[in-house]
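Remarks on the structure that follows.
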Amino acid sequence: MVKICCIGAGYVGGPTMAVIALKCPSVQVVVVDISVQRINAWNSDHLPIYEPGLDDVVKQCKGKNLFFSTEVEKHVSEADIVFVSVNTPTKTQGLGAGKAADLTYWESAARMIADVSKSDKIVVEKSTVPVKTAEAIEKILTHNSKGINFQILSNPEFLAEGTAIEDLFKPDRVLIGGRETPEGAKAVKALKDVYAHWVPEDRIICTNLWSAELSKLAANAFLAQRISSVNAMSALCEATGADVTQVSHAVGKDTRIGPKFLNASVGFGGSCFQKDILNLVYICDCNGLPEVANYWKQVIKVNDYQKTRFVNRIVSSMFNTVSGKKVAVLGFAFKKDTGDTRETPAIDVCKGLIGDKAKLSIYDPQVSEEQIQRDLSMKKFDWDHPTHLQPMSPTAVKALQVVWDAYEATKDAHAVAIMTEWDEFKTLDYQRIYDNMQKPAFLFDGRNIVDVEKLRKIGFIVYSIGDASFAIFNRWFWNVIRFTFLVAQVFLAALCV
Ligand code: UDX
Ligand code: UDX
Ligand code: ADP
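To get our numbering, take the position in the sequence shown, counting from 1, and add 1.
In structure tokens, the structure reads:
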């Protein structure tokens, strides 16, 4: 029986290993983690992550050929194949701070593998890492190997959260990078045999180590670039009278471009896009390629611009102040069908509104109050460095309320801001919400999911991304105010005379 051990029971390691166990009954899979809390959750009925279909997969194999344990060293030493799926945060201090990947967790895992191994092993890079990390890991392993043969493979994971199980069942491709030596080819074949249990052979791509590592960074950068491109267009649409939904539909019909990842939004989030692009930028800089670095940096700049634009739109529409006003925030996760909040645009938007003294009432079906408080009290890049937690300032705590119902969140609110495209937000009783809100009732749709016409008929003032009609309405609204003010002034002047 082939024995697999995965170090890191997170969003990637957990679901990936569960699917390998399900699809390969002849393989024993143990997922290990230093976090006792995480492992206990995997061993309970309440898994530590929310992912559609995951419960079912885990239930089918847990205790048979899938195990979760904190006995890291024991299981690593017994394994034939060791996947490393630990966190690789952006550095917050020292050389490359704010750009380079922090490989502390990776390095400590590699040193531990070298320490405890008594037999040859294939070590698989699963977490996204900078190009040439495999080389560094290889050095650590071979210089501490006591004669043991380690083969390093890069096998980046392309699953997206919210659809992880679907993506793992039917991947577009599985990528395996290895050394171009007979031992390297043998290791690649061993891993290929695992995936071949359910992935068609023509979808398993084998490359050299560096191509596999770079392909992962490139794929995420390309995807994020599409979103920043359409978001940049959304700003232009609002200024010119075009509608970004129509533009992206028309553009996506070109088969050379394709329709996916062209939804304008308040900005992309998630643990990968920003981190991987920053990493790419750092690598380009280090290799003397400032023009290439600047090209990719722009994808992040546009993403930040989109979030700032959204906050500014809210504040300017609400008569240039949200001070003391209640804003209901619907959704906090970085996308629907996940409870993950890493780099969610909701963090920047909420911080922006709190900075303007708004009172927030937040509702997300999968994110706990504790998580929201933690996210809003952290500095940029601290989310993946558990030791950097800051207490939330008392003013910020006062400005924040987390509730478990969209109707409760929107009660007496001056505005609603939709931050995540949860399906349930499409079918809310918006008449009921409108009736219980302060007037004029504003709705800012950061995900373009509501029926704008229907809501306007109810009485809402609706802003959606890349829709010029709001800007036109806004101009009209302010012109009416200005005109009324002018008439009043003339009237008063006439009275005085
Ligand atoms: C382009 C658009 O494709 C077309 O839809 C529009 O109507 C007019 O502009 P065209 O400029 O005629 O068409 O040719 P295209 O095939 O797009 O190539 C443009 C340039 O890009 C060429 O120099 C081509 O060599 C280059 N190219 C294209 C690449 O360098 N790499 C590619 O992968 C594709
Ligand atoms: C991404 C990649 O898709 C996946 O292949 C990789 O393994 C990890 O990173 P993930 O971050 O889980 O996956 O989700 P994804 O669906 O890519 O969405 C990322 C962000 O982009 C979300 O905030 C989402 O709301 C946003 N997005 C996505 C848009 O704003 N518009 C779109 O059209 C698509
Ligand atoms: P990802 O989204 O890439 O899966 P996560 O942060 O969700 O990232 O998961 C990474 C996991 O790796 C965490 O649960 C963390 O506790 C674990 N981890 C980090 N370093 C080690 C280590 N040296 N040994 C075991 N587990 C580790």
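Glycine included, C-beta positions come from ideal geometry on N, C-alpha and C.
Rounded C-alpha distance that separates residue i from residue j
i              : j                 : result
valine 59      : cysteine 25       : 13 Å
isoleucine 206 : aspartate 116     : 32 Å
proline 1      : lysine 92         : This structure cannot settle anything about residue 1, because the visible part of the chain is limited to 2 through 498.
lysine 127     : methionine 319    : 46 Å
lysine 360     : phenylalanine 474 : 26 Å
lysine 337     : threonine 421     : 6 Å
valine 282     : glutamate 181     : 28 Å
leucine 456    : aspartate 357     : 26 Å
arginine 1     : glutamate 371     : Because the chain in this structure spans residues 2 to 498, residue 1 falls outside the shown range and cannot be described.
alanine 165    : glycine 340       : 13 Å
valine 498     : valine 491        : 11 Å
valine 31      : serine 120        : 17 Å
lysine 75      : aspartate 413     : 57 Å
proline 201    : aspartate 173     : 10 Å
arginine 227   : aspartate 305     : 15 Å
asparagine 321 : alanine 135       : 52 Å
alanine 400    : aspartate 446     : 22 Å
isoleucine 21  : leucine 55        : 12 Å
alanine 265    : isoleucine 114    : 44 Å
glycine 242    : tryptophan 477    : 14 Å
histidine 389  : tyrosine 106      : Residue placement at histidine 389 is poorly supported in this model, since its pLDDT is 49, which falls under 50; the coordinates still yield a value, given next. Near 15 Å, if we compare the C-alpha coordinates of tyrosine 106 and histidine 389.
8 Å Cβ cutoff met for residue i and residue j
i              : j                 : result
alanine 186    : lysine 122        : no
isoleucine 450 : lysine 427        : yes
alanine 315    : alanine 418       : This sequence places isoleucine at residue 315; alanine is not what is there. Yes, the pair counts as a contact, with Cβ atoms nearer than the cut-off.
isoleucine 363 : phenylalanine 335 : no
isoleucine 462 : phenylalanine 486 : no
valine 28      : serine 70         : no
leucine 176    : threonine 208     : yes
leucine 263    : serine 249        : yes
alanine 225    : serine 155        : no
Unbroken beta strand (DSSP E) run spanning residue i, endpoints
i                : result
leucine 444      : 443 to 446
leucine 331      : 327 to 331
threonine 208    : 205 to 209
glycine 179      : 175 to 179
leucine 67       : 67 to 70
phenylalanine 84 : 82 to 85
cysteine 6       : 3 to 8
Residue i versus the options, residue with shortest Cα-Cα distance
i                 : options                           : result
valine 125        : Met2, Ser118 and Ile153           : Ile153
valine 130        : Ser86, Thr143 and Ile114          : Ser86
phenylalanine 170 : Lys193, Pro16, Ser229 and Leu67   : Pro16
alanine 329       : Ala416, Met234 and Met2           : Ala416
aspartate 383     : Gly14, Leu67 and Ala98            : Ala98
valine 403        : Ser369, Asp424 and Asp385         : Ser369
lysine 381        : Ala42, Ile348, Gly64 and Gly9     : Ile348
proline 504       : Gln94, Asp203 and Phe84           : Outside the displayed range of the chain (2 to 498) lies residue 504, so it cannot be described from this structure.
glutamine 275     : Ala222, Tyr431, Phe484 and Thr143 : Ala222
proline 53        : Tyr435, Val189, Thr89 and Ala161  : Ala161
alanine 111       : Lys327, Lys100 and Ser78          : Ser78
proline 366       : Asp424, Lys327, Asn44 and Ser317  : Asp424
tryptophan 405    : Ile373, Met379 and Val195         : Ile373
Beta-carbon separation (whole angstroms), residue i vs residue j, contact threshold 8 Å
i             : j              : result
glycine 179   : leucine 218    : Incorrect: roughly 18 Å between the Cβ atoms, too far for contact.
proline 346   : lysine 308     : 5 Å
cysteine 351  : leucine 377    : 6 Å
glutamate 108 : isoleucine 141 : 7 Å
valine 312    : leucine 354    : 6 Å
valine 245    : isoleucine 466 : 7 Å
valine 453    : aspartate 436  : That pair is no contact at about 19 Å.
Residue i - containing alpha helix (DSSP H), residue span
i                 : result
glutamine 247     : 245 to 253
valine 20         : 14 to 24
phenylalanine 170 : 165 to 170
tyrosine 196      : 183 to 196
isoleucine 138    : 134 to 144
leucine 534       : The displayed coordinates of the chain run from 2 to 498. Any statement about residue 534 would go beyond what the structure contains.
cysteine 351      : 346 to 356
glutamine 152     : Unbroken run through glutamine 152 is the beta strand (DSSP E), 151 to 155; no alpha helix (DSSP H).
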